[in-house]
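Taken in order, these protein sequences are the chains called A, B, C and D.
Residues in the first sequence are numbered from 1 upward in steps of one, following the working numbering.
Residues in the second sequence are numbered from 486 upward in steps of one, following the working numbering.
Residues in the third sequence are numbered from 971 upward in steps of one, following the working numbering.
Residues in the fourth sequence are numbered from 1109 upward in steps of one, following the working numbering.
A short write-up of the structure that comes next.
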Amino acid sequence: MDVELAKEKIDWEQFKQIRREVLMSWPTGQEVDLDEAVEYHKQLAANRRFPELLRAAKAEGRTLAQPRAGAALLHEHIELLQYLEREGEADCLPTTIDSYTRQNRYNEAQKGIDESRIEGRSMLNGFPAVNHGLPACREVVEAVDVPVQVRHGTPDARLLAEITLAGGFTSFEGGGISCNIPYAKNVPLERSLANWQYVDRLIGYYQEQGITINRESFGPLTGTLVPPCISHSVGIIEALLAAEQGVKSITLGYGQCGNFIQDAAAVITLEELAREYLDKFGYQDIELSTVFHQWMGGFPQDESKAYGVIGWGAVTAALAKATKVIVKTPHEAMGVPTKEANALGIKATKQILNMLKDQSLPESEELKQEKDIIVQEVRAIVDRVIEFGESNVALGTVRAFQAGILDVPFAPSKVNYGKLLPARDNNGAVRLLDFGNLPFTKEIIDFHRGKIAQRGREENRQPSFQMVIDDIYAIGKGMLVGRPR
Amino acid sequence: MDVELAKEKIDWEQFKQIRREVLMSWPTGQEVDLDEAVEYHKQLAANRRFPELLRAAKAEGRTLAQPRAGAALLHEHIELLQYLEREGEADCLPTTIDSYTRQNRYNEAQKGIDESRIEGRSMLNGFPAVNHGLPACREVVEAVDVPVQVRHGTPDARLLAEITLAGGFTSFEGGGISCNIPYAKNVPLERSLANWQYVDRLIGYYQEQGITINRESFGPLTGTLVPPCISHSVGIIEALLAAEQGVKSITLGYGQCGNFIQDAAAVITLEELAREYLDKFGYQDIELSTVFHQWMGGFPQDESKAYGVIGWGAVTAALAKATKVIVKTPHEAMGVPTKEANALGIKATKQILNMLKDQSLPESEELKQEKDIIVQEVRAIVDRVIEFGESNVALGTVRAFQAGILDVPFAPSKVNYGKLLPARDNNGAVRLLDFGNLPFTKEIIDFHRGKIAQRGREENRQPSFQMVIDDIYAIGKGMLVGRPR
Amino acid sequence: MEKNKKITIVLGVIGADVHAVGNRILHHAFSEAGFNVINIGVMASQEEFINAAVETSADVIVVSSLCGHGEIDCRGLKEKTIEAGLHNVKLYVGGNLVVGKQDWKEIEKKFKRMGFDRVYPSGTMPQEVIDDLNADFS
Amino acid sequence: MEKNKKITIVLGVIGADVHAVGNRILHHAFSEAGFNVINIGVMASQEEFINAAVETSADVIVVSSLCGHGEIDCRGLKEKTIEAGLHNVKLYVGGNLVVGKQDWKEIEKKFKRMGFDRVYPSGTMPQEVIDDLNADFS
Ligand code: B12
Ligand code: B12
């Protein structure tokens, strides 16, 4: 790999060189004019700006509800978002990008757009923003009265970022790790990290012009039994890398595991730990917020049971006081939801968020213990990553993944070490059955082993891959812990 | 009032005298033969027996889900229950009685049955068990494989109990207070208490023959901002009265208020306090369990929002480890649910109960404080009721209601004192704005006043009846606390 | 109708129905809005409605039915008002009027046919009725 | 087919689809059930499926498509197997085959018309496919 990983803010002249190439990779790239884009953002009303909304929600201690949504055609996508704003009562909106665009396969995305026109229904699982181009993005942003975010999982999101940010979007999801490891098979980490340093630098440029763009990391990763220590470490590293490039508004993500004490501990420690490391690196002026993803693994097929899963996610988000919750729908197990199904998921969620607005989880011995273990685990991992990089966090990340110091369960990527094996303990908290090469102390390892052994005794079986499979199927079958039949 | 209130187990010969009259009040009464009924119960399989199911659930620490359901015609009612068992996955079933039968208006119930036959749809809001008679009850009980309970709200349920218990039902809901104050307007307490002593004595008789019938008190009362101290006091008194007549399996009810710390504290203290008083009166051999009612007040019209309310109730029931939860449906605001809507409510609930089966609410300072205040309040009320009765609990109850020592908010009954005014505090817990004549210490009163004053400051208004109205509408409008606009 | 004469409302919940909360709120809301409210409470028979209306020379009878038995309980009320000579008294009805979730248009038609002047679905807020009262009596 | 010859399965997730969890479980389940599994993983192109089947003389190609692009991604696969001379190789497909919740009968018809021998809806458990494999190859 000859990609160079920056260890400080990328020089603007150097950036512009790469930029020329990026904008040339698809015709719509030519539509972007940064000066004009900055002017556009300057006149964008506050109610359409993500950083402002997050700041207000955090100050009021309330949790915002945001769906996922994206359709192939522009008018169809706008209709979808307007429906979710009006009927779904969404507090903020997404533009979920289709998976061809995520892989920079703009030709195939075009085929999807054309076929969608012919079939009269969306043949793509999201909105192909690059193909539609900049003016279309502005139509989207202006079509609704709440802020809109780009949501995707794109290892090389440079062109997507150029077009959508100039297109008036005020928040951009992703990161060099979280958009690679769960979303790609063959992309070297050096490359995705460098691509995302570009995205962050672009946002840093907007910031220099006085335009704050929110950046969000994709916490859930593979959505499947990812323990908090892994997603936290990834989130913190992505926050450090973003801050390095001048990003000032960062949202840290976490995907619900299912045990509410562990989940609440995770949301609380996520922000605390990120703050700790940002401070350590001298980034004191970052605005932080958190986003909680309702259960990201396999869902029950039955819609009323799906409502149960959605409700439980809403409760945890509210009690843990996450700034934002990403909402699932009763169609989750089936496919991309209709706009109606999507609205139902948001409304069920909002009912709970509103009812719990004035309540929070009290401190307890159990909560404290969960927080402590997460803090220890994350420090063990992140400190080692930093050490590995010899003050270059991006480089440290590459090396850490090689060495299995960072490892994501069930990830498709070949650059992932792939030795971690998570399983639930007897109370449903996600622990580790196999630690791979995680740099854990004996104390931490014993804690996990003890917890899983306790479950083994309860179920009268040796912990094994079968236990993991049972856990993966469990929620789809109406349980949290996959007990043997 | 010339009704005599027993202060000990009613003499069997005396009972039989009243019994003759009761059985003669409607032709189907003649179908009851107690010896034959006992034999019938003896051969009833364990899976159809409520006390056994409750015992097992309690031992496993799991929460059972039970719907409300009742239709005018027998075949229709059976179809409904079978559907809820099969498709709804209900753990136990109800037979909800229509409101003419609840008022002993069997002629009008008959009109309802006849019109339902003609219209081809249920014109009654429940199953008129007295009109249908004993053999029909047995058909119901045998049509399903889980236990079935009679659910109603009948001030004079003597004939209903005779017919349904001989008909094979193994659990009977209600009580002399909880079936009068919220369910009647002009029925003297002496009379409903005496009628319910009859029902309890009948169950005591079955017990003497070795047949345990479960008795459940109706905790939610008016379902509208009833603070735990009121429903607990009523539940404990009804438990004492039932135990006095020889009842051995008692389920204590509580209706969700909405603040989860208060609700969990309520479920926990309900059983503890009942045990304390039963012990004090020498009833050491009573099996206790708890039933948690999902939100019993006004519901949102929107079905997805109703799912939100249902989900929150399921979470609280599971975390508080109630033995049973009574499930609402997405049709709640509209009317008696279709069987499909009813099943949806149960399935959403069960998904949550199952996911949370292995989790519970940890002890905390906040939980402890809520428990303490409930215990103090209940002891203040119940001790005074006992004192008032000079060792006759039933008599004490009558006098306590007269004096406003016991008072139920929003109750239609003229024998209710009607001075209590509840309102939510700033965290959504139900407190008292006006105490009427509750025998509370200054300490308790100051606690409530402080909590409500805090909300007043937050909302910048004086606590008043408008605040109460706002709270009544709140959940229907998607909130818990009714904030001013 | 003169401007300063207060409109008199007979308010109650019909039949075997004990739902008391909405009744209490309607009472409060109508009084606050300046009407003269005669509240006969829950479990009110048709006769009680008629008697109260005759005694107080009421302008309108507002019937609530929540428990589902509205169809059976309300039948014949109109005829009884006529028998009692209350030809000009308006009849309003609202609540959860039938058993279950049914097509609203059908329900409304049914109750209009029974002689009700205005029929309201569940979830109607008091202000709406107050506006209608003001419209009907101005 | 002889009893002791192991049936060879080429397994993969087609197109731009990265859903890896089901693939890993299918791999595990098929292996446990005694099949010879060649797993080409996620983001597999039609060519990769064909090449793997040719190289290993596979008996069946099991295609997963979860992300919704199944219609576009699977089109032409049957023709390619024929071009490659894999006349006897069976084609199975399963997952969340189209975008959104659609009528299953229609989806099945569509994929059968594309040349798939068996088409499975989302939520199909591995045992079902294993039973079908045993039926198809006994
Ligand atoms: C986890 C998950 C993810 C993870 C995947 C991590 C990873 N790399 O594996 C992440 C978060 C990264 C992700 C990303 C996306 N996802 Co996704 N994801 C899911 C989810 C929630 C669970 C999938 C899962 O792991 N299930 C557990 C396993 C065990 O089940 P399974 O995958 O279904 O496989 C089993 C069966 O289907 C069957 N099976 C599978 N293949 C075959 C083949 C045959 C022949 C047979 C017989 C059986 C069979 O056997 C398997 C084992 O039991 C599903 C929804 C759901 N099912 O609940 C959505 C879902 C599949 N994702 C979806 C989408 C749209 C996406 C995204 C495009 C956008 C987004 N929403 O973020 C991206 C696409 C990325 C890409 N390029 O592919 C959609 C697909 C829409 C559609 N078809 O209409 C779904 C259905 C969600 C939804 N309702 O919108 N996703
Ligand atoms: C609380 C409640 C109870 C309490 C009542 C306590 C009491 N004494 O007041 C208890 C638990 C005792 C109870 C008992 C029963 N209930 Co109930 N109850 C409810 C519930 C949850 C809320 C009612 C309420 O207080 N709402 C808040 C107030 C403010 O709203 P409201 O009553 O609707 O009144 C407002 C409007 O409707 C409107 N309005 C009312 N009347 C009129 C009239 C006019 C002209 C206008 C314009 C407007 C108007 O203005 C009011 C103020 O805003 C409703 C369901 C719901 N709505 O969510 C069921 C509900 C009314 N009950 C129902 C039933 C069936 C029963 C029972 C038969 C059986 C049971 N399920 O236990 C018994 C019947 C007892 C009897 N004999 O009447 C059904 C009725 C079914 C139907 N129509 O198809 C409902 C709809 C629940 C359901 N979906 O099954 N219930």
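From the three backbone atoms N, C-alpha and C, an ideal C-beta is built for every residue, glycine too.
Enclosing beta strand (DSSP E) for residue i [first to last residue]
i	result
Asn1147/D	1144 to 1152
Tyr417/A	Tyr417/A -> no beta strand (DSSP E), and no H or E assigned at all.
Ile735/B	734 to 740
Leu93/A	93 to 96
Gln149/A	148 to 151
His778/B	772 to 778
Leu549/B	549 to 551
Contact with chain A by residue i, beta-carbon distance below 8 Å
i	result
Ser1153/D	no
Met781/B	no
Residue-level contact to chain D via CB, residue i, 8 Å cutoff
i	result
Ile469/A	yes
Met1/A	Here Met1/A scores only 43 on pLDDT, less than 50, and its place in the model is too uncertain to base an answer on.
CB contact below 8 Å: residue i versus chain B
i	result
Ala475/A	Rather than Ala, the amino acid found at residue 475/A in this sequence is Ile. True, the Cβ-Cβ gap to chain B drops below 8 Å.
Val1089/C	no
Residue i - DSSP class collapsed to helix/strand/coil
i	result
Val1168/D	strand
His1057/C	coil
Arg1045/C	coil
Thr978/C	strand
Ala530/B	coil
Asp407/A	coil
Gln103/A	coil
Tyr1228/D	strand
Ser949/B	coil
Gln245/A	coil
Ile78/A	helix
Phe654/B	coil
Pro155/A	coil
Lys973/C	Caution applies to Lys973/C, whose pLDDT of 47 falls short of 50 and renders its modelled position unreliable; the model cannot decide the point.
Tyr1062/C	strand
Ala380/A	helix
Nearest candidate by alpha-carbon position, reference residue i, set the options
i	options	result
Ser1162/D	Gly1149/D, Ile1115/D, Asp1225/D, Ala1192/D	The amino acid occupying residue 1162/D in the given sequence is Val; Ser does not appear at that position. Cα-wise, what sits closest to Val1162/D is Ala1192/D.
Ile261/A	Thr316/A, Asp358/A, Ala90/A	Thr316/A
Arg455/A	Gly428/A, Gly311/A, Lys477/A	Gly428/A
Ile1169/D	Gln1235/D, Glu1179/D, Asn1204/D, His1195/D	His1195/D
Leu619/B	Ala651/B, Pro640/B, Val752/B, Arg636/B	Ala651/B
Phe218/A	Gly389/A, Val150/A, Glu287/A	Val150/A
Phe50/A	Thr212/A, Ala136/A, Lys111/A, Val267/A	Thr212/A
Arg130/A	Tyr307/A, Asn426/A, His152/A, Ser116/A	Residue identity check: residue 130/A is Val in the sequence provided, not Arg. Considering only alpha carbons, the answer is His152/A.
Asn699/B	Val732/B, Gln947/B, Ser677/B	Val732/B
Range of the contiguous alpha helix (DSSP H) that encloses residue i
i	result
Ala265/A	260 to 280
Asp1101/C	1096 to 1106
Tyr206/A	189 to 208
Ile916/B	Per the sequence presented here, residue 916/B reads as Arg, with Ile not at that position. Run containing Arg916/B: none in the alpha helix (DSSP H); it sits in the beta strand (DSSP E), 915 to 919.
Leu53/A	50 to 60
Arg934/B	927 to 944
Residue-level contact to chain C via CB, residue i, 8 Å cutoff
i	result
Glu825/B	no
Met608/B	yes
#### Entry: Those runs of the beta strand (DSSP E) which lie wholly inside the segment 297 to 368 of chain A and span at least 3 residues
Listed in chain order, they are 324 to 326.
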